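Here the sequence shown is numbered in full-length UniProt numbering, starting from 1 and rising by one per residue.
Glycine included, each C-beta is placed from N, C-alpha and C at the ideal position.
Predicted, not measured: the structure shown is a model, and the values here were computed from it.
Working notes, beginning with the structure itself.
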Amino acid sequence: MPSSRFRRVAVLVLEGAKPLDVGIPAQVFTTRASMPYEVRVCGAAPGLVTGGDGLSYHVAHGLEALEWADVVFVPGYRFPDREDPPGPVVAALVAAHERGARLAAISTGAFALAATGLLDGRRATTHWHYARALAARYPLVRVDENVLFVDEGSVLTSAGAASGIDLCLHMLRGELGVAASNHAARRLVAAPYRSGGQAQYVPRSVPEPLGERFAATREWALHRLGEPLSLESLARHAAVSPRTFSRRFAEDTGYTPMQWVTRARVDLARELLERSERSVEQIADEVGLGTGTNLRLHFQRVLGTTPSDYRRTFARGE
């Protein structure tokens, strides 16, 4: 693919940057045949940046990378509540936003975005440990500590490192379609999607021993979307009562079991619309939604568009 068609992603490494937070967008958006992105890792200036957790980073680019980028990621960093990022960093983020770049923060990177004033009056999130500190330091930001990520269009924020993967996959779905995001999720061995509205995992006094069992049930269901799936059959596979399954499933995914199944079927339909020439009726039957009318109804509810419009937008070769 010619470089002129690459989407340009900058990952801004600040002092105390957390290694997982830096690595997630750099790896998700890495340049490869299936991913039309070019990534540049940068700092306030080229050279050595002292990170957190005993690591440092040697970055090849300075703030000029933010003038080049279509998307700027700000990974989380240590002690974000102690002081604002340097003035030139704040100014470069504001200038990138004014130029039309999207700004996305992972974990405590939200503090850097808040320092720009671009989160004032908007919803935002950060790691649960720092949510109150973010709200106290920047009272105009509508901090939501109970979600994995928040998409406000031109500015996006996410909670801890794992939710940075969810945010990146969410952005991929919006830009390239569900097939590309599912491909990236498989490459990362990550869940294809989790609801941005899912509650963050905060410390609990009682452990949650059924997470792996429910993950197996979700995987089992994904391979049987064309078959009848009920709450009872899902709970039976998980070897718990339907009531327990419903409650714990919602805690784990942010959806009720049947909401999750419907969204999984819609996502499979999206992938078939992107990658095949099957009719809407054929796809509806194959993914377990029965009729084209039913598929169109769920498409409108979940995505706000029609299967035909979606196909025109994301079909191969477009």
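If residue i and residue j are in contact, beta carbons under 8 Å, what's the gap, nearest whole angstrom?
i    : j    : result
V28  : A184 : 6 Å
A250 : T217 : Their Cβ separation, rounded to whole angstroms, is 14 Å, which puts A250 and T217 out of contact at 8 Å.
A10  : L66  : 6 Å
P307 : L295 : 6 Å
E281 : T291 : 7 Å
R8   : P36  : Between P36 and R8 the Cβ distance is about 10 Å, and since that is not below 8 Å, they are no contact.
V150 : R123 : 5 Å
P242 : L231 : 5 Å
L222 : A264 : 6 Å
List the endpoints of the continuous alpha helix (DSSP H) containing residue i.
i    : result
L12  : Note, L12: premise wrong, no alpha helix (DSSP H); beta strand (DSSP E) at 7 to 12.
D285 : 280 to 286
L303 : 292 to 303
Take the Cβ of residue i as the centre, count every other Cβ of all protein chains shown within 10 Å, and call the residue buried at 16 or more, exposed below.
i           : result
A60         : exposed
G160        : buried
residue 396 : No statement about residue 396 is possible, as the shown extent of the chain runs from 1 to 318 and does not include it.
T157        : buried
G177        : buried
S56         : exposed
G288        : buried
R301        : exposed
D252        : buried
D267        : buried
residue 321 : No answer is possible for residue 321: it lies beyond the span of the chain, which begins at 1 and ends at 318.
L148        : buried
S163        : buried
P80         : buried
L140        : exposed
S181        : buried
A33         : exposed
A235        : buried
R247        : exposed
T293        : exposed
R186        : exposed
T125        : buried
R173        : buried
V143        : buried
T313        : exposed
T262        : buried
R102        : buried
R311        : buried
On the three-state DSSP scale, how would you describe residue i?
i    : result
L231 : helix
Y255 : coil
A105 : strand
E15  : coil
D166 : helix
H61  : strand
Y138 : coil
E38  : strand
S158 : strand
L20  : helix
V266 : helix
Y310 : helix
V90  : helix
V147 : coil
R32  : strand
S181 : helix
S241 : coil
S246 : helix
A124 : strand
For residue i, report the span of its beta strand (DSSP E) as first-last.
i   : result
T50 : 47 to 50
F73 : 71 to 74
### Query
With a cut-off of 8 Å, do at least 3 Cβ pairs link the stretch 72 to 86 to the stretch 109 to 116?
yes
### Task
Determine, using beta-carbon pairs with one atom in the stretch 126 to 136 and one in the stretch 33 to 44, whether at least three such pairs fall under 8 Å.
no
### Message
Can you confirm whether the stretch 10 to 22 touches the stretch 50 to 58 when touching is taken to mean that 3 or more C-beta pairs between the two stretches lie within less than 8 Å?
### Response
yes
### Task
Check whether the stretch 99 to 107 touches the stretch 62 to 81, taking contact to mean three or more Cβ pairs, one atom from each stretch, closer than 8 Å.
yes
### Query
When the Cβ atoms of the stretch 167 to 174 are set against those of the stretch 23 to 37, are three or more pairs found closer than 8 Å?
yes
### Message
With a threshold of 8 Å, are at least 3 pairs of Cβ atoms found where one atom belongs to the stretch 248 to 262 and the other to the stretch 271 to 279?
### Response
no
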